[in-house]
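Per our numbering, the sequence shown starts with residue 7, numbered consecutively.
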Amino acid sequence: MRQHIPPAWQGALRPVTDTPAFQRLCAFVDGERARHAVFPAAPEVFAALEHVAPEAVRVVILGQDPYHGAGQAHGLAFSVRRGVKAPPSLRNILKELEADTGLAPPGDGELTAWARQGVLLLNTVLTVREGAPHSHRGQGWEVLTDEVVRVVAALAPARVFVLWGLPAQKKAALLDPARHAVLTAPHPSPLSAHQGFLGSRPFSAVNAALQRVGLPVVDWRLA
C-alpha cells in the first residue's frame, strides 16, 4: 500500500510508514480486500494526496471515512465521480454551498476542482468495507492522518482546517488555534447536518480566513 503514497508526501510521512504499526495496517487492509469489497480501490486510497503536494495545501477539509457504497468513494473525501448520484452527506454540502455562496447546484458531485486549488479533501480513515461504515476505524489510519495534519500545520503561513464531525474534530488537538484558522461543525450526514452544519457558512469562512493570512481564496465553483 505504501507504494501508492505520492512521492511528494513519502518523506514527510515516513515517521509513520516506516513503523511496524503501519505494516500491520497494510496487512489488515490486504486481509479485508481478500475477503470483502473495500473502498476506494487500492490505487485511489491516497488520491487526496496525489492532487495536492504538502506545500500546496491551503485548506484541509476533514471528514470521517470513505463512502461505503459501490462506485462512490474515489479517494477524495465527500466527492464522487461524475455520473454517480451524490450521497446524502454530499447533497447537504452542496446545499450549504448554494446557501453560503449563491452558486447554483452543480450537475454532479465531483470535487476535484477544489483539490486542484489546494483543498486537501481528507478523511480520518482512508478505507472502508462495503456496507459497513467505520469498519476500518481504529486500525491505524488515524495515526497516518494525524501525521498529514501535522505536516500541513507546520507550514508557513498558517493554513485553514475544516473539521466536520467528531472524528475529524479530534484532530483539533494537533493544531494551534492561535495560529491556524480551525473551523468545526457537525458532520454533513443527514443524522447531524441539522445540528449545526447547515447554516455554518463554511465556504465563505474559509475564504475570509485565507485572506487574513494572505493566501489566495478558493473558487468554489464546480463544473
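The C-beta atom is built at its ideal place from N, Cα and C for all residues, glycine as well.
Remember, predicted model here, so these are calculated numbers, not experimental data.
Three-state class that DSSP yields for residue i in the structure shown
i    : result
F167 : strand
I67  : strand
L128 : strand
A110 : coil
V44  : strand
A160 : coil
V58  : coil
L180 : helix
Chain B contact for residue i (CB, 7 Å cutoff)
i    : result
N213 : Absent here is chain B; the protein component of the structure consists of one chain.
Nearest-angstrom Cβ-Cβ length linking residue i and residue j, presumed shorter than 8 Å
i    : j    : result
E136 : H74  : 6 Å
L82  : A121 : 6 Å
A210 : D106 : Per the sequence shown, residue 210 should be read as Ser rather than Ala. Right, the Cβ-Cβ distance comes to about 5 Å (below 8 Å), so this counts as a contact.
A27  : G146 : 6 Å
V149 : V65  : Not a contact, Cβ separation roughly 23 Å.
L127 : S95  : In fact, because the Cβ distance is near 13 Å, the residues do not count as touching under 8 Å.
A174 : T130 : 6 Å
Local Cβ density within 10 Å of residue i, reported as buried at 16 or more and exposed below that
i    : result
G108 : exposed
Q70  : buried
R185 : exposed
P72  : buried
A215 : buried
K91  : exposed
G115 : buried
A229 : exposed
L100 : buried
R41  : exposed
Per DSSP, the bridge partner or partners of residue i
i    : result
L96  : Per DSSP, none; premise fails for L96.
V188 : F167
V134 : F45
Cβ-based neighbour list, residue i, same chain, cut-off 8 Å, excluding 5 preceding and 5 following
i   : result
C32 : M7, R8
Spatial neighbours of residue i in its chain, beta-carbon cut-off 7 Å, leaving aside the 5 residues before and after
i    : result
Q217 : V223
Q201 : P192
G77  : V90
A59  : A14
Residues near residue i by beta carbon distance below 6 Å, same chain, minus five either side
i    : result
E153 : L19, V22
H80  : P46, E50, R87
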